[in-house]
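One structure below.
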Amino acid sequence: MYRTADGESIFVVDGHVHFWDGRPSNQKNRYAEGWVECFYNYHKNLSPADYVWPLEQYQRYSEPQMMKDLFEEGYVDVAIFQPTYLRDFFKNGWNTTEQDAVLKKKYPDKFVLNSAWDPRDEAAGLKEFEEKVKRYDIKGVKLYTAEWKGDSRGWKLSDPWARRYLDKCVELGVMNIHVHKGPTIWPFNKDAFDVHDVDEAATLYRDAGLRFIVEHCGIPRIEDFCWIAAQEPNVYGGLAVVMPFIHASPHYFAEVMAELLWWLGPDRLLFSSDYALWSPKWIIDKFMAFDFPEDIKQQRGVAMTLEIKKKILGLNAAKLYDLPIPAETRSPVAARA
Amino acid sequence: MIEVVPTVVSEQAVLAALREVNDPELDESLVDLGFLHGVRVDGERVEVALRLPTFWCAPNFAYLMAHDVREQALRVPGVRQVRVVLKDHMYADEITEGVSANQPFDAVFPGQADGVDLDALRDLFRAKAFGMRQEQLVRFLLGAGLTDEDVVSLQLDDVLDTTDQSGLRLRVGGAERLLSGGAALARAYLVRRRRMGLDAHGSARLVTDLAGAPIASGGLPVHLDRARRQRISMTFNAIMCRGLLATRYGLDTDRESGTNVNRREAT
Chain A
1490 MYRTADGESI FVVDGHVHFW DGRPSNQKNR YAEGWVECFY NYHKNLSPAD
1540 YVWPLEQYQR YSEPQMMKDL FEEGYVDVAI FQPTYLRDFF KNGWNTTEQD
1590 AVLKKKYPDK FVLNSAWDPR DEAAGLKEFE EKVKRYDIKG VKLYTAEWKG
1640 DSRGWKLSDP WARRYLDKCV ELGVMNIHVH KGPTIWPFNK DAFDVHDVDE
1690 AATLYRDAGL RFIVEHCGIP RIEDFCWIAA QEPNVYGGLA VVMPFIHASP
1740 HYFAEVMAEL LWWLGPDRLL FSSDYALWSP KWIIDKFMAF DFPEDIKQQR
1790 GVAMTLEIKK KILGLNAAKL YDLPIPAETR SPVAARA
Chain B
502 MIEVVPTVVS EQAVLAALRE VNDPELDESL VDLGFLHGVR VDGERVEVAL
552 RLPTFWCAPN FAYLMAHDVR EQALRVPGVR QVRVVLKDHM YADEITEGVS
602 ANQPFDAVFP GQADGVDLDA LRDLFRAKAF GMRQEQLVRF LLGAGLTDED
652 VVSLQLDDVL DTTDQSGLRL RVGGAERLLS GGAALARAYL VRRRRMGLDA
702 HGSARLVTDL AGAPIASGGL PVHLDRARRQ RISMTFNAIM CRGLLATRYG
752 LDTDRESGTN VNRREAT
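First to last, the protein sequences are chains A and B.
Under our numbering, think of the first position of the first sequence as 1490, with each following residue one higher.
Under our numbering, think of the first position of the second sequence as 502, with each following residue one higher.
This is the structure in structure tokens:
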């Protein structure tokens, strides 16, 4: 819960958090080491100096640390676990549903537990996915189309087996499909990180009710993402990686937000810290103090009102996951002015 | 008999040549980005070390840059052999050996390129760079008081001088004007426009679409919106890549001017 100076309470859902294990003991190979190093540099590069951790802490943070950073200091009411398996790199996976489930069990009201699937696991994976959905009451998945598997360097939502998994999601009521479409890393082909397969899937599964949350808003292909999101009402923007720019490059952050608001409107953007890449406390403090600079207001004709901030920080995600919204945050404190 | 005097290759000459190599996606010089780690000259052989912001930088981009570095270094008089060494990358060895042996990307990474060749990738980013530089110039011109109609009517020969320190000298509606600033923006745009291979006659329009077609004055806002989205994507990468490189290698970074200051000089 974030409280404004006027005493108003704001419900906060962190749409993208991890509880990973990047310790050397869990690393399988050189790629795992490169992965952790890359993540750590993202953390160091965009965090304010006070929030930069030592590498050892970053590789494996404790449960109390996470609970404090998210729920005590970070204003978060509910956090959504988005697993990333990476079994070709990490012995027990980087951040799996099973690992996250331990915290979900302990703090059932604090976390939403999402799962994941990989169409390359075909029939066996489909069965395993169904079991997981039933065991953990899963409502969303995080898909990582650029993940390596043996000789394969990625997959697309339009692959035939991906269709069967999406059909299964519809059947099981797993309606929130988070797709990682992020910064330029490793794909061989420029198409491996473009967002057009989301376009096709979103059209195909719109009537069935699936929602596609594009994590990282397709950066660095924001123009493609905006274009697709404007056409497809069931496409959302997950603001992980976008948010921390509010510190590193605030004017640029404003330009991106203006563009996203212009194309998607305020109802389809989800706040995320991507913890422990970044910590929600400083991002939310800066976001609550944020307004568009004059040049962007004039060029784009957009405003960042308190109502819009509330939607982005929690109400939009609450709708997707049917989260109960505390009464105190439901309506503004009676106008005192 | 004419005595053949061998050309002595200097590191400075190689460095100056490499300044012309851009990151295709960021449209900035590899040297300014801090990607160039070192140059070593041994007679007619040159070794260039490259380093990128992450272990995971896309292999096709890395290959493209390493390839361009080799081509550019080979243009320096006296250089016969170039080895481009990529450091700290997941495919460091494959790219180093492949580029130095002048092999095509497909041969080094068979089956991984999905038929998208590097030339197509280069063309795509060349077009993006053109759009981004054009947007910057056009916004500057509008800010300096030109109307949409003025901007879309400008011809190449209306750009009178881009070398004046004080600003850009233009002919607008038949009258000569010296705008305050903007000369560097105009130079950067004109370079990208040339690379696109568009009509270079003096009577050609300055501001056009990718195919060289003029923009109607009523269509300029929509045209600029499209360019803005591309620029936003490119800027994202530029900030990220520069910052990550600095973080990775302990450089000082200046986000405003957009340059990395290399504290550890090339070895």
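Cβ atoms here follow ideal geometry from the backbone N, Cα and C, with glycine treated the same way.
Alpha-carbon spacing of residue i relative to residue j, whole angstroms
{"i": "PRO1755(A)", "j": "SER1514(A)", "result": "43 Å"}
{"i": "GLU650(B)", "j": "PHE1578(A)", "result": "57 Å"}
{"i": "TYR1574(A)", "j": "VAL1668(A)", "result": "14 Å"}
{"i": "GLY703(B)", "j": "TRP1606(A)", "result": "58 Å"}
{"i": "ASP528(B)", "j": "ARG693(B)", "result": "10 Å"}
{"i": "MET1779(A)", "j": "LEU1795(A)", "result": "Just to set this straight, residue 1779(A) is Phe in the shown sequence, not Met. Distance between the alpha carbons of PHE1779(A) and LEU1795(A): 10 Å."}
{"i": "ALA687(B)", "j": "LEU638(B)", "result": "6 Å"}
{"i": "ARG520(B)", "j": "PRO1733(A)", "result": "32 Å"}
{"i": "LYS1808(A)", "j": "ASP1648(A)", "result": "29 Å"}
{"i": "LEU643(B)", "j": "TRP1752(A)", "result": "24 Å"}
{"i": "ALA685(B)", "j": "CYS558(B)", "result": "30 Å"}
{"i": "LEU647(B)", "j": "VAL1630(A)", "result": "51 Å"}
{"i": "PHE641(B)", "j": "LEU625(B)", "result": "25 Å"}
{"i": "MET591(B)", "j": "CYS1527(A)", "result": "12 Å"}
{"i": "GLY683(B)", "j": "LYS1770(A)", "result": "41 Å"}
{"i": "ARG1710(A)", "j": "GLY1671(A)", "result": "9 Å"}
{"i": "ASP1558(A)", "j": "MET1746(A)", "result": "25 Å"}
{"i": "PHE1618(A)", "j": "ARG1624(A)", "result": "10 Å"}
{"i": "HIS724(B)", "j": "GLN513(B)", "result": "41 Å"}
{"i": "ASP607(B)", "j": "TYR564(B)", "result": "11 Å"}
{"i": "ARG706(B)", "j": "LEU699(B)", "result": "10 Å"}
{"i": "ASP1774(A)", "j": "LEU575(B)", "result": "53 Å"}
{"i": "ALA1718(A)", "j": "PHE556(B)", "result": "31 Å"}
{"i": "LEU752(B)", "j": "LYS1594(A)", "result": "44 Å"}
{"i": "PRO1553(A)", "j": "THR1634(A)", "result": "32 Å"}
{"i": "ARG696(B)", "j": "VAL1601(A)", "result": "51 Å"}
{"i": "GLU526(B)", "j": "PHE737(B)", "result": "11 Å"}
{"i": "THR663(B)", "j": "ALA645(B)", "result": "16 Å"}
Residue closest to residue i, alpha-carbon to alpha-carbon, out of the options
{"i": "LEU622(B)", "options": "LEU643(B), VAL652(B), PRO560(B) and ARG678(B)", "result": "PRO560(B)"}
{"i": "ALA517(B)", "options": "PRO525(B), VAL540(B), ASP524(B) and VAL639(B)", "result": "VAL540(B)"}
{"i": "GLU1545(A)", "options": "ASN1534(A), GLU1522(A), VAL1567(A) and LEU1535(A)", "result": "GLU1522(A)"}
{"i": "HIS1505(A)", "options": "ALA1718(A), ILE1666(A), PRO1782(A) and VAL1745(A)", "result": "ILE1666(A)"}
{"i": "ALA628(B)", "options": "ASP710(B), SER654(B) and HIS538(B)", "result": "ASP710(B)"}
{"i": "VAL509(B)", "options": "ALA550(B), ASP618(B), PRO578(B) and MET697(B)", "result": "PRO578(B)"}
{"i": "ALA739(B)", "options": "ARG584(B), SER511(B), ILE596(B) and ALA630(B)", "result": "ALA630(B)"}
{"i": "ARG1653(A)", "options": "LYS1616(A), GLN1571(A), ALA1538(A) and VAL1684(A)", "result": "LYS1616(A)"}
{"i": "LEU551(B)", "options": "GLY632(B), ALA514(B) and VAL522(B)", "result": "VAL522(B)"}
{"i": "PRO554(B)", "options": "ALA701(B), ASP589(B) and ASP726(B)", "result": "ASP589(B)"}
{"i": "ARG1549(A)", "options": "GLU1744(A), TRP1509(A), TRP1524(A) and CYS1706(A)", "result": "TRP1509(A)"}
{"i": "THR1586(A)", "options": "LEU1632(A), ASP1598(A) and VAL1541(A)", "result": "LEU1632(A)"}
{"i": "ALA676(B)", "options": "LEU655(B), LEU721(B) and GLY535(B)", "result": "LEU655(B)"}
{"i": "HIS1705(A)", "options": "VAL1501(A), VAL1684(A), ALA1690(A) and ALA1691(A)", "result": "VAL1684(A)"}
{"i": "VAL653(B)", "options": "ASP665(B), VAL673(B), ALA689(B) and LEU752(B)", "result": "VAL673(B)"}
{"i": "ASP1827(A)", "options": "ILE1627(A), ALA1719(A), TYR1564(A) and ALA1612(A)", "result": "Past the edges of chain A, shown from 1490 to 1826, lies residue 1827(A), and the structure says nothing about it."}
{"i": "LEU1766(A)", "options": "PRO1739(A), GLU1783(A), TYR1547(A) and GLY1643(A)", "result": "TYR1547(A)"}
Short CB-CB distance (under 8 Å) between residue i and chain E
{"i": "THR663(B)", "result": "No chain E is part of this structure, whose protein chains are labelled A and B."}
8 Å contact criterion, which residue i and residue j should meet: CB distance rounded
{"i": "ALA567(B)", "j": "VAL532(B)", "result": "So it is not a contact: roughly 15 Å between Cβ atoms."}
{"i": "ASP1503(A)", "j": "TYR1764(A)", "result": "7 Å"}
{"i": "HIS1507(A)", "j": "ASN1581(A)", "result": "No, HIS1507(A) and ASN1581(A) are not in contact; Cβ-Cβ is about 14 Å, not under 8 Å."}
{"i": "LEU1749(A)", "j": "GLY1727(A)", "result": "The pair is not a contact, with the Cβ atoms about 11 Å apart (cut-off 8 Å)."}
{"i": "ARG581(B)", "j": "ARG546(B)", "result": "7 Å"}
{"i": "ARG1695(A)", "j": "GLU1721(A)", "result": "7 Å"}
{"i": "PHE1776(A)", "j": "LYS1800(A)", "result": "That belief does not hold up - the Cβ atoms of PHE1776(A) and LYS1800(A) are roughly 12 Å apart, past 8 Å."}
{"i": "VAL586(B)", "j": "GLU548(B)", "result": "6 Å"}
{"i": "VAL1724(A)", "j": "PHE1701(A)", "result": "5 Å"}
{"i": "PHE1570(A)", "j": "ASN1603(A)", "result": "6 Å"}
{"i": "LEU1802(A)", "j": "PHE1760(A)", "result": "5 Å"}
{"i": "GLU1689(A)", "j": "LEU1646(A)", "result": "7 Å"}
{"i": "ASP524(B)", "j": "LEU534(B)", "result": "6 Å"}
- [ ] Taking a Cβ distance cut-off of 7 Å, strictly less, list which residues of the segment 727-745 of chain B are near chain A, in chain order.
- [x] ARG730, GLN731, ILE733, SER734, THR736, PHE737, ASN738, ILE740, MET741, GLY744 and LEU745
Open item on the list: Against chain B, which members of the segment 1720-1739 of chain A pass a CB distance test of less than 8 Å?
Closed with: PHE1734, ALA1737 and SER1738
Open item on the list: Short of 9 Å Cβ to Cβ, which residues in the segment 552-584 of chain B face chain A?
Closed with: PRO554, THR555, PHE556, TRP557, CYS558, ALA559, PRO560, ASN561 and PHE562
- [ ] Mind checking the segment 587-601 of chain B against chain A and listing, in chain order, the residues whose C-beta falls within less than 8 Å of any C-beta there?
- [x] MET591
- [ ] Specify whether the segment 730-740 of chain B and the segment 659-668 of chain B touch according to this definition: at least 3 beta carbon pairs, one from each stretch, less than 8 Å apart.
- [x] no
Open item on the list: Check whether the segment 1516-1536 of chain A and the segment 735-748 of chain B are in contact - that is, three or more C-beta pairs closer than 8 Å.
Closed with: yes
TODO: Could you name the residues of the segment 1524-1539 of chain A whose beta carbon sits closer than 8 Å to any beta carbon of chain B, in the order they occur along the chain?
DONE: TRP1524, GLU1526, CYS1527, ASN1530, TYR1531, LYS1533, ASN1534 and LEU1535
- [ ] Identify each residue in the segment 1640-1669 of chain A for which the Cβ-Cβ distance to at least one residue of chain B is less than 8 Å, and report them in chain order.
- [x] ARG1642
- [ ] Name, going along the chain, the residues of the segment 1699-1711 of chain A whose beta-carbon falls closer than 7 Å to a beta-carbon of chain B.
- [x] ILE1708, PRO1709, ARG1710 and ILE1711
TODO: Quick one: which residues of the segment 1741-1757 of chain A get their C-beta closer than 8 Å to a C-beta of chain B? List them in chain order.
DONE: TYR1741, GLU1744, VAL1745 and GLU1748
Task: Near-chain B residues of the segment 1505-1521 of chain A - C-beta to any C-beta below 7 Å - done: TYR1520
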